[in-house]
Amino acid sequence: MPELPEVETTLRGIEPHLVGRALSQIDIRQPKLRWLITPELAPDMTGQVITHLSRRGKYIGVHTANGTLIVHLGMSGSLYFVPEETPPLFHDHVDFRFADNQPWLRYTDPRRFGAILWTKDNWLDHELIKHLGPEPLSDDFNVELLYSRAKGRKVPIKTFIMDSKIVVGVGNIYANEALFKAGIKPSRMAGNISKARLAVLVECIKMVLDAAIKQGGTTLKDFVGGDGKPGYFKQELSVYGRAGKPCIACGKVLKEIRQAQRSTVYCTFCQT
DNA sequence: CAAGACTCCTGTCAGC
DNA sequence: TGCTGACAGGAGTCTT
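Oh and the first sequence: position 106 is 105 in numbering that gives the first Met the number 0, straight run, nothing missing.
As structure tokens, this is what we get:
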């Protein structure tokens, strides 16, 4: 399930192999993802040269002079290279083929929660992108921001930091981990947390994401390997997926609750 | 506006 | 062993 570190790793892995190449053909076998793939994608992007890639939240932008391909991996999507003419499997929904007859870029997504869109405008002005909060690893995401946005809010802090309008890229796993590291109870009201504690939380979110990205870097080569599998991280998770097991800090049994249809695991002793 | 429920989809796994 | 059903999960959208 790609979270921001996985998306960043994907981008770093594929960008060097895409820039400067011209699209020759785009095969769309399954246009129904989260949304219908933009019908203009193939006619508008074919023949275009890829100039660079960028990321905003979990959205990847693949830029050309004629427009930008917007890709979201959802929770089961992946982008990777396959040797030309590799027959597609059932969940291989899109192939991007190039004029140089070198490996194709393939999009696979079993659960189809991902998205592939196309815009001729500045992609940062796209409806899905322009309302997003700051990047978690940038200086724009800081205590002042979080504190002012949390003021008066009654939502649980976990739901709050997973809101992409507040800050992007904090998925369920890392929200759980960051709150554990910060010692904050996930159900605590966002507006009822001191500035000092929010400052700790900001640092913990940055630390958790940064560490995950660094680990992702070690598997970069897998992205362009022959198997086409995007090797996931061997994260050591403190709480996520460990409900019922002992807290690594105090030994007490970790508790699981549900918040906003998401599983939350925390330590009732360490997190207050 | 804020908060919470609902929705898409399919692989995985528990239970029978 | 095989089948059924619950569940997970990003994030936009709908409902209250």
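Think of the CB as a built atom: it goes at the ideal place given N, C-alpha and C, for glycine as much as any other residue. From a predicted model like this one, the values you see are computed outputs, not experimental measurements.
Item: Supposed close pair H92, Y106 - CB separation, criterion 8 Å; Value: 6 Å
Item: Three-way DSSP call (helix, strand, coil) for I204 in this model; Value: helix
Item: Three-state class that DSSP yields for D162 in the structure shown; Value: coil
Item: Inter-residue spacing [alpha-carbon to alpha-carbon] between L72 and S163; Value: 16 Å
Item: When P155, A211, N100 and G76 are compared against H90, the one with the closest alpha-carbon; Value: G76
Item: When F95, V48 and P155 are compared against Q24, the one with the closest alpha-carbon; Value: F95
Item: Contact between the segment 3-19 and the segment 183-199 (3+ Cβ pairs under 8 Å); Value: no
Item: Best match in V142, N175 and F140 for proximity to P155 [C-alpha to C-alpha]; Value: N175
Item: Backbone CA spacing between A41 and G12 [nearest angstrom]; Value: 23 Å
Item: Where the beta strand (DSSP E) through F95 begins and ends; Value: D91 to F97
Item: Short Cβ contact (7 Å threshold) for V166 with F140; Value: yes
Item: Those residues which DSSP pairs with A21 across a bridge; Value: V48
Item: Validate contact between the segment 108-118 and the segment 131-145 using beta carbons, cut 8 Å, 3 pairs; Value: no
Item: Unbroken alpha helix (DSSP H) run spanning Y79, endpoints; Value: Note, Y79: premise wrong, no alpha helix (DSSP H); beta strand (DSSP E) at S77 to V81.
Item: Presumed contact (8 Å Cβ cut-off) between R28 and P102, rounded CB distance; Value: Actually they are not in contact, since the Cβ atoms of R28 and P102 sit about 18 Å apart, beyond 8 Å.
Item: Three-pair Cβ contact test at 8 Å for the segment 143-150 versus the segment 55-73; Value: no
Item: Q270 and I160 closer than 7 Å at C-beta; Value: no
Item: Which of helix, strand or coil DSSP assigns to V6; Value: helix
Item: When K180, T263 and T267 are compared against G250, the one with the closest alpha-carbon; Value: T267
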